Amino acid sequence: MENPVITLFGGNGFIGRALVRQLVAKGHHVRVASRAPHKAGSLVAESPPGTVLPVYASVTDRASVRAALQGAGAAINLVSILTEKGGATFQRMNAEAPERVAEEARAAGVKRFVQVSAIGAAPDSPSRYGRSKAEGERRVKAAFPEATILRPSVVFGPQDSFLRMFGLMAKVLPVLPVYFPGTRLQPVYVEDVAKAAALALTESGLGGRLFELGGPDRLTMAEIMAFVAQSVGRTPRLLTVPERVAQIQASVMEVLPGKLLTRDQLAMLSQDNIVSSGAETLETLGVVPRSVYDVAPEYLSQISALRMIRK
């Protein structure tokens with residue numbers, strides 16, 4: 206790519222930080238656009254001088270998006286929400302914001318644009334989250350037809366909020382509740398997702414395509430819970446929660462601080478979250494995905510319940 210400046214919206218996040226490191230290693234200059242640019246200080250400190258520039262941008266504010274894109278040759282939108290809070294609704298953050306970023310990227314002359322979506326994004330998804338991600342994809346493609354769409358399954362890594370939360374639960378609870386135990390997921394390593402994103406941002410021939418990103422293992426929810434418990438050195442009993450009971454629990458928990466479980470999340474869990482047959486994948490990009498069995502035990506075994514609670 207002739208212009209090495211790449212803007213990352215949401216570059217402070219879980220996937221974003223891994224992507225920043227990979228792009229810098231390839232010799233690119235990265236603009237980390239977020240509402241909290243001061244949080245990118247560690248990325249700046251560990252990178253060669255001048256290669257990482259944190260800037261303020263909110264994907265809900267068109268002027269700040271426009272400013273963050275000036276002079277960029279490529280851009281990626283990683284901003285998304287899994288639960289709604291206040292004005293941060295699925296429609297606003299997962300559908301309207303990607304469109305706004307894509308429109309401004311087109312207007313700024315950006316050559317390559319990547320939208321990170323999710324496996325399960327579909328207009329007929331049982332969850333509002335899934336429908337909002339599909340709407341975001343549709344709007345991005347209308348604004349920037351050559352955009353590359355990446356749909357990862359559940360993403361894992363040392364700072365994930367998925368496996369580590371289950372690990373904390375296994376540390377402190379004698380019984381682990383399991384919702385939709387037969388639902389299959391295809392956990393994908395954060396570094397592999399970052400590799401795919403880096404390729405989409407820097408290599409030719411990937412525009413206008415959609416890739417579904419999953420790891421080599423397809424596991425049921427029950428299998429994931431058992432694996433995590435074993436990795437943290439615990440053997441709690443797994444208790445399947447009936448759907449009707451789960452709905453009651455979620456209706457209570459979604460109004461409490463933290464929203465540990467919502468009815469929309471249950472709707473997501475009701476369907477498999479795996480790569481579709483015939484989809485373009487990590488392997489299409491030449492990325493060999495790493496197994497959750499090879500990566501996760503090392504960081505799960507280091508979980509301290511007290512440390513996670515303090516965070």
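Residue numbers (the working numbering): 206 to 516. We put the beta carbon where it would ideally sit given N, CA and C, even for glycine. These figures come from a predicted structure and were not determined experimentally.
Query raised in the report: What did DSSP end up calling A293 once you bin it into helix, strand or coil?
Result: As a first step, residue 293 must be located in the sequence shown, where it is residue number 88. It is a strand residue.
Report task. Tell me, to the nearest whole angstrom, how far the beta carbon of V264 is from that of A302; I am working on the premise that it is less than 8 Å. Result -> By 1-based counting over the sequence shown, the position of residue 264 is 59. By 1-based counting over the sequence shown, the position of residue 302 is 97. 4 Å between Cβ atoms; contact.
Report task. Using a threshold of 8 Å, state whether the C-beta atoms of A352 and K338 are closer than that. Result -> Walking along the sequence shown from the start, residue 352 turns up at place 147. Walking along the sequence shown from the start, residue 338 turns up at place 133. Cβ distance not < 8 Å, so A352 and K338 don't count as in contact.
Report task. Figure out for me which residue from G255, Y261, T212, F318 has the closest Cα to the Cα of L274. Result -> Looking up residue 274 in the sequence shown gives position 69. Nearest C-alpha to L274 among G255, Y261, T212, F318: T212.
Query - Contact set for L415: own chain, Cβ-Cβ below 6 Å, skip 5 residues either direction - result: Counting from 1 along the sequence shown, the entry for residue 415 is found at position 210. Excluding five sequence positions before and after L415, the CB atoms of its chain that fall closer than 6 Å to its own CB belong to I354, given in chain order.
Report task. With a floor of 3 residues, list each beta strand (DSSP E) that falls wholly inside the segment 238-320, ordered by position along the chain. Result -> Scanning the segment 238-320 for uninterrupted beta strand (DSSP E) segments of 3 residues or longer gives 257-261, 279-282, listed from N- to C-terminal end.
Requested in this report: Would you check if the distance between the CB atom of F349 and the CB atom of R297 is smaller than 8 Å?
Outcome: Looking up residue 349 in the sequence shown gives position 144. Looking up residue 297 in the sequence shown gives position 92. Contact: no.
Query raised in the report: Ordered along the chain, which non-local residues of its own chain (more than five positions away) have a Cβ less than 8 Å from that of R240?
Result: Translated into positions along the sequence shown, residue 240 becomes position 35. The residues are Y261, A262, S263.
**Report entry** Q364 versus V315 - alpha carbon distance
**Finding:** Residue 364 sits at position 159 when you count from the first residue of the sequence shown. Residue 315 sits at position 110 when you count from the first residue of the sequence shown. Rounded to whole angstroms, Q364 to V315 spans 31 Å at the Cα level.
Query - Strand pairing of I508, partner residues [DSSP] - result: For this step, residue 508 is matched to residue 303 along the sequence shown. Paired residues: none, contrary to the question.
**Report entry** Own chain residues within Cβ distance below 7 Å of P267, not counting five before or after
**Finding:** Mapped onto the sequence shown, residue 267 falls at position 62. Correcting the residue identity first, residue 267 is Arg in this sequence and not Pro. So the list reads R305, E309, once near-sequence residues are dropped.
**Report entry** Neighbour-count burial assignment, I514, 16 or more Cβ in a 10 Å radius
**Finding:** Taking the sequence shown and counting its residues from 1, the one referred to as residue 514 is at position 309. Because I514 carries a pLDDT of 49, less than 50, the predicted location of this residue cannot be relied on, and the following value inherits that uncertainty. The C-beta of I514 has fewer than 16 other C-beta atoms within 10 Å across all chains shown, which makes the residue exposed.
Query raised in the report: When the Cα atoms are used, what is the spatial distance from A402 to G341?
Result: In the sequence shown, the residue the question calls residue 402 occupies position 197. In the sequence shown, the residue the question calls residue 341 occupies position 136. If you take the alpha carbons of A402 and G341, they lie about 18 Å apart.
Query - Rounded C-alpha distance that separates L228 from V235 - result: Translated into positions along the sequence shown, residue 228 becomes position 23. Translated into positions along the sequence shown, residue 235 becomes position 30. One C-alpha to the other measures close to 7 Å.
Report task. Give the range of the beta strand (DSSP E) segment to which F214 is assigned. Result -> Residue numbering aside, residue 214 sits at position 9 when the sequence shown is read from its first letter. Element bounds for F214: 210-214.
Query - Contacts around Q320, its chain only, beta-carbon distance under 6 Å, and the 5 residues preceding and following it disregarded - result: The count along the sequence shown starts at 1 and reaches residue 320 at position 115. Excluding residues within five positions, the ones whose Cβ falls inside 6 Å are N282, P303, V345, A352, I354.
Query raised in the report: For E448, does the three-state DSSP call read helix, strand or coil?
Result: Working through the sequence shown from its first residue, we reach residue 448 at position 243. In the structure shown, E448 adopts helical secondary structure according to DSSP, grouped into three states.
Requested in this report: May I ask you to list the residues that DSSP assigns as paired with L415?
Outcome: Taking the sequence shown and counting its residues from 1, the one referred to as residue 415 is at position 210. Looking at the DSSP assignment, L415 forms a beta bridge with I354.
Report task. Using three-state DSSP, classify Y394 as helix, strand or coil. Result -> Position 189 of the sequence shown, counted from the start, is the residue given in the question as residue 394. The three-state secondary structure of Y394, taken from DSSP, is strand.
Report task. In the DSSP assignment, find the unbroken beta strand (DSSP E) run with V380 in it and report its ends. Result -> Numbered from 1 along the sequence shown, position 175 holds the residue referred to as residue 380. Here the beta strand (DSSP E) through V380 covers 380-383.
Query raised in the report: For chain B, is any of its Cβ atoms less than 8 Å away from the one on M473?
Result: Although the question refers to chain B, the structure presented lacks it and comprises just one protein chain.
**Report entry** For A501 and K183, the rounded distance between their alpha carbons
**Finding:** With the chain covering 206 to 516 only, the question about residue 183 has no answer from this structure.
**Report entry** Whether V225 touches V237 by CB criterion (8 Å)
**Finding:** Taking the first residue of the sequence shown as position 1, residue 225 is located at position 20. Taking the first residue of the sequence shown as position 1, residue 237 is located at position 32. Yes.
**Report entry** Cα-Cα separation, L511 to F371
**Finding:** Start at 1 with the first residue of the sequence shown, and residue 511 comes out as number 306. Start at 1 with the first residue of the sequence shown, and residue 371 comes out as number 166. For L511, the predicted model reports a pLDDT of 45, less than 50, meaning its position is unreliable and no value from the coordinates is stated.
Query raised in the report: So, helix, strand or coil for F432, using DSSP?
Result: Translated into positions along the sequence shown, residue 432 becomes position 227. Secondary structure at F432: helix, using DSSP grouped into helix, strand and coil.
Requested in this report: Reducing DSSP to helix, strand and coil, say where E340 ends up.
Outcome: Walking along the sequence shown from the start, residue 340 turns up at place 135. It is helical.
Query - Where the alpha helix (DSSP H) containing A472 begins and where it ends - result: For the purposes of this step, residue 472 is taken as residue 267 along the sequence shown, with counting starting at 1. Unbroken alpha helix (DSSP H) run through A472: 468-474.
Query raised in the report: Who are the Cβ neighbours of E485 in its own chain at under 8 Å, not counting the five residues just before and after it?
Result: Taking the sequence shown and counting its residues from 1, the one referred to as residue 485 is at position 280. Excluding residues within five positions, the ones whose Cβ falls inside 8 Å are R414, L415, F416, E417.
**Report entry** Three-state secondary structure assigned by DSSP to E459
**Finding:** Your numbering for residue 459 matches position 254 in the sequence shown. Shown here, E459 sits in coil according to DSSP, grouped into three states, outside any helix or strand.
Requested in this report: Give the secondary structure of F371 by DSSP, where H, G and I count as helix, E and B as strand, and everything else as coil.
Outcome: For this step, residue 371 is matched to residue 166 along the sequence shown. Correct three-state label for F371: helix.
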